[in-house]
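First up is the structure itself, then whatever we jot down about it.
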Amino acid sequence: MGAEGAVNIVYRRELAGDNGDQREEKIKEFNERFASPFVAAERGYVDDVIEPRETRFRLIRALRMLETKVDTMPSKKHGNIPL
């Protein structure tokens, strides 16, 4: 749901007799307060905001870091008992 749908639901009573100006103002306010990745990063919901031009570089760096990773399974402590 985008800002338009959220504003329609949350501010339904306030916008009942509105001509459209107040609705646009509420949509702009909603986008600034809730629909920004920077607000989510400030609150700790997101670790980092990556600019689109940095995406390829960050992915390559992360995959290179994992290239030599070896994941070993722990040895079994107990086997299956015969039934």
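Counting from 78, one number per residue, gives the positions in the sequence shown under my numbering.
All C-beta atoms, glycine included, are put in the ideal place defined by N, C-alpha and C.
| Item | Value |
| --- | --- |
| Taking all protein chains shown into account, do 16 or more other C-beta atoms lie within 10 angstroms of the C-beta of valine 126, making it buried, or fewer, making it exposed? | exposed |
| Hey, how far is the Cα of asparagine 85 from the Cα of aspartate 98? | 13 Å |
| Measure the Cβ-Cβ separation of lysine 103 and tyrosine 122 and say whether it is below 8 Å. | no |
| Is any heavy atom in the ligand NAP found nearer than 7 Å to the beta carbon of valine 147? | The model on display carries no ligand, and the ligand NAP is accordingly not part of it. |
| Helix, strand or coil for asparagine 108 per DSSP? | helix |
| Is alanine 83 closer than 8 Å to phenylalanine 107 when the C-beta atoms are compared? | yes |
| Could you pull the start and end residues of the alpha helix (DSSP H) that methionine 142 belongs to? | 132-143 |
| Could you spell out where the alpha helix (DSSP H) holding proline 114 opens and where it closes? | 114-120 |
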